[in-house]
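One structure is given below, encoded as structure tokens.
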């Protein structure tokens, strides 16, 4: 019902720790206050779109991800305040870097479009 993850900027041996992600089940999410729920986001779109692949998590989940180091903008150290990150959603798809999705698909032999079709029934 609850996972906590150390998030790295990549999966290579030189990757930097860039944040912490907390993942909860739908049951736990529903038990949170409405104000707290605003700080979490659903994985529904990431799963349905084929962007997210997590074979060990069988149900709908929600997450809160605090980014402490923005390496992609060139910061050499963790700078400033941690940022609460939100996932891509169908209304804001432009923020998804499709070249990174393609790179992930190639590296891990994943077909995001195939996953998307197989997940069409997910609520």
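In the working numbering, the protein residues as written are 854 to 976.
Backbone N, C-alpha and C fix where the C-beta goes; we use that ideal spot for every residue, glycine too.
Simplified DSSP state of residue i, which is helix, strand or coil
| i | result |
| --- | --- |
| residue 863 | coil |
| residue 895 | strand |
| residue 878 | strand |
Neighbourhood of residue i by C-beta distance below 6 Å, restricted to the same chain and skipping five residues each side
| i | result |
| --- | --- |
| residue 873 | 919 |
| residue 894 | 939, 940 |
| residue 881 | 854 |
| residue 913 | 879 |
Straight-line gap, residue i to residue j (C-alpha atoms, nearest Å)
| i | j | result |
| --- | --- | --- |
| residue 886 | residue 934 | 24 Å |
| residue 859 | residue 924 | 15 Å |
| residue 956 | residue 888 | 37 Å |
| residue 897 | residue 932 | 31 Å |
| residue 937 | residue 915 | 14 Å |
| residue 954 | residue 865 | 17 Å |
| residue 962 | residue 926 | 28 Å |
| residue 899 | residue 928 | 27 Å |
| residue 863 | residue 960 | 12 Å |
Chain-order list of residues whose beta-carbon lies under 7 Å from that of residue i (same chain, five-residue window excluded)
| i | result |
| --- | --- |
| residue 861 | 868, 869, 870, 871 |
Beta-carbon proximity check, residue i vs residue j, cutoff 8 Å
| i | j | result |
| --- | --- | --- |
| residue 854 | residue 884 | no |
| residue 857 | residue 875 | yes |
| residue 852 | residue 964 | Because the chain here runs from 854 to 976, residue 852 falls outside it and cannot be looked at. |
Cβ-based neighbour list, residue i, same chain, cut-off 8 Å, excluding 5 preceding and 5 following
| i | result |
| --- | --- |
| residue 930 | 922 |
| residue 892 | 917, 937 |
Kindly provide the ranges of any beta strand (DSSP E) runs that are 3 or more residues long and lie completely inside the stretch 914 to 964, ordered along the chain. Correct list: 914 to 920, 936 to 938.
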